[in-house]
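Student: If you're matching positions, the sequence shown starts at 476 in my numbering and goes up one per residue. We put the beta carbon where it would ideally sit given N, CA and C, even for glycine. Fair warning: this is a prediction, and the values are worked out from it, not measured in the lab.
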Amino acid sequence: MTALSNETGGQAGGGRFRPIAPEPTGGVCLCQTCARNGRSCCQGHDIYVTWGDCRRILSHTRQSDIIEYRACGDAAYADQDDDPVWQQQVFRPDGTRRVLRQRESGDCIFLTATGCQLPLAVRPLVCRLFPHVYSAIGLAHRWDMECLAARIDPAAVVAAGIAGVGDAEAVCWHRMLYDEIMWEGLVDEDWADL
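#1: So, are the CB atoms of Val524 and Pro599 less than 9 Å apart?
#2: Three-state secondary structure (DSSP) at Ser534?
#3: If you count every other CB in all the chains shown that lies within 10 Å of the CB of Asp528, and 16 or more means buried, which is it?
#4: Based on DSSP bridge pairs, tell me the residues matched to His616.
#5: Say whether the region 541-548 touches the region 568-580, bearing in mind that this needs 3 or more beta-carbon pairs closer than 8 Å, one atom from each stretch.
#6: Per DSSP, Cys591 forms a beta bridge with which residues?
#7: Note down the Cα distance separating Asp642 from Asp619, rounded to an integer number of angstroms.
#8: Suppose the cutoff is 7 Å on Cβ atoms and the five residues either side in sequence are ignored; what does the same chain contact list for Trp648 look like?
#9: Which of the three DSSP states, helix, strand or coil, is assigned to Val646?
#10: When burial is assigned at 16 or more other CB atoms within 10 Å of the CB, is His616 buried or exposed?
#11: Identify every residue that forms a DSSP beta bridge with Ala546.
#12: Look at the Cβ atom of Pro451, then the Cβ atom of Ala630, and state whether they are nearer than 9 Å.
#13: Among the residues of its own chain, which have a CB less than 7 Å from the CB of Ala651, if the five just before and after it don't count?
#14: Give the secondary structure of Val597 by DSSP, where H, G and I count as helix, E and B as strand, and everything else as coil.
#15: For Arg531, is the classification buried or exposed, using 16 other Cβ atoms within 10 angstroms of its Cβ as the cut-off for buried?
#16: According to DSSP, is Gln562 part of a helix, a strand, or is it coil?
#17: Can you give the beta carbon distance from Ile522 to Val574, rounded, assuming they're within the 8 Å contact cut?
#18: Rounded to whole angstroms, what is the Cα-Cα separation between Gln555 and Tyr609?
#19: If you draw a straight line from the C-alpha of Leu614 to the C-alpha of Tyr653, how long is it?
#20: Quick check on the DSSP output: the alpha helix (DSSP H) that includes Ile541 runs from which residue to which?
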């Protein structure tokens, strides 16, 4: 499972589009591969955010109108039988979940011509983890095929270029994501005043 839904259908990926180190062989960033060959993961996808994500983004940007609650338009994403924690904690009783606002074009509000305007430490956890596939149990050690570069480039290039983080860091972000999801299930979300 991944944390974003693609409103055009299909299993989804997350909103990660950042400048990264060039590939050793050709000097082209994997995000540039996506841009040349189709829409990036920051376009046309709902990006789920925890309250922790919201607080980090608010602290950095001073923007408070960054989220909305939206129902999932992707039936495959909404049916999270492989991750009951996600199903029970992320979705509200009315079937909506908290996501970053989008521009009319469907682009993430933080997407610029040069990638994500948020520093890595501020980006939503699902964006930091993309294109990893995961559940509450852990990382699945495979890539979400919604990621265009994962479909085009060899796995080793994706691991070095898009994921671009060590396994320990990805595991830490995964743990942080599910800690924040579980914590939210214990409190009334009305406490958050963004």
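Tutor: On the basis of the data shown:
#1: The residue you call residue 524 lines up with position 49 of the sequence shown. The residue you call residue 599 lines up with position 124 of the sequence shown. Yes.
#2: Reading the sequence shown from its first residue, position 59 is the one you call residue 534. Reduced to three states, the DSSP call for Ser534 is helix.
#3: The residue given as residue 528 occupies position 53 in the sequence shown. Label assigned to Asp528: buried.
#4: For the purposes of this step, residue 616 is taken as residue 141 along the sequence shown, with counting starting at 1. Residue pairing from DSSP leaves His616 without any beta-bridge partner.
#5: Cβ pair count under 8 Å is three or more, so yes.
#6: Taking the sequence shown and counting its residues from 1, one reaches residue 591 at position 116. Under DSSP, Cys591 shares a beta bridge with Leu586.
#7: Here residue 642 is taken as the residue at index 167 of the sequence shown, counted from 1. Here residue 619 is taken as the residue at index 144 of the sequence shown, counted from 1. Rounded to whole angstroms, Asp642 to Asp619 spans 16 Å at the Cα level.
#8: Counting from 1 along the sequence shown, the entry for residue 648 is found at position 173. Within the same chain, Trp648 has close Cβ partners Leu600, Arg603 and Leu604.
#9: Position 171 of the sequence shown, counted from the first residue, corresponds to residue 646. It is helical.
#10: Taking the sequence shown and counting its residues from 1, the one referred to as residue 616 is at position 141. By the Cβ-count criterion, His616 is exposed, with fewer than 16 other Cβ atoms from all chains shown falling within 10 Å of its own Cβ.
#11: By 1-based counting over the sequence shown, the position of residue 546 is 71. By DSSP's assignment, Ala546 forms a beta bridge with Thr571.
#12: Because the chain spans 476 through 669 in this model, residue 451 falls outside it and cannot be assessed.
#13: Looking up residue 651 in the sequence shown gives position 176. It should be pointed out that residue 651 corresponds to Met in this sequence rather than to Ala. Counting only Cβ-Cβ distances below 7 Å, and skipping sequence neighbours, we find Leu600.
#14: For the purposes of this step, residue 597 is taken as the residue at position 122 of the sequence shown. Note: Val597 maps to coil in three-state DSSP.
#15: Within the sequence shown, the letter at position 56 stands for residue 531. That one is buried.
#16: Within the sequence shown, numbered from 1, the residue matching residue 562 stands at position 87. In the three-state DSSP reduction, Gln562 falls in the helix class (H, G or I).
#17: Locating residue 522 in the sequence shown gives position 47, where the first residue counts as 1. Locating residue 574 in the sequence shown gives position 99, where the first residue counts as 1. That pair is a contact at about 6 Å.
#18: For the purposes of this step, residue 555 is taken as residue 80 along the sequence shown, with counting starting at 1. For the purposes of this step, residue 609 is taken as residue 134 along the sequence shown, with counting starting at 1. The straight-line gap from Cα to Cα measures roughly 11 Å.
#19: The count along the sequence shown starts at 1 and reaches residue 614 at position 139. The count along the sequence shown starts at 1 and reaches residue 653 at position 178. Each residue's Cα considered, the two are about 12 Å apart.
#20: Against the sequence shown, residue 541 aligns to sequence position 66. Counted as a single uninterrupted DSSP element, the stretch harbouring Ile541 is not any alpha helix (DSSP H), since DSSP gives it neither H nor E.
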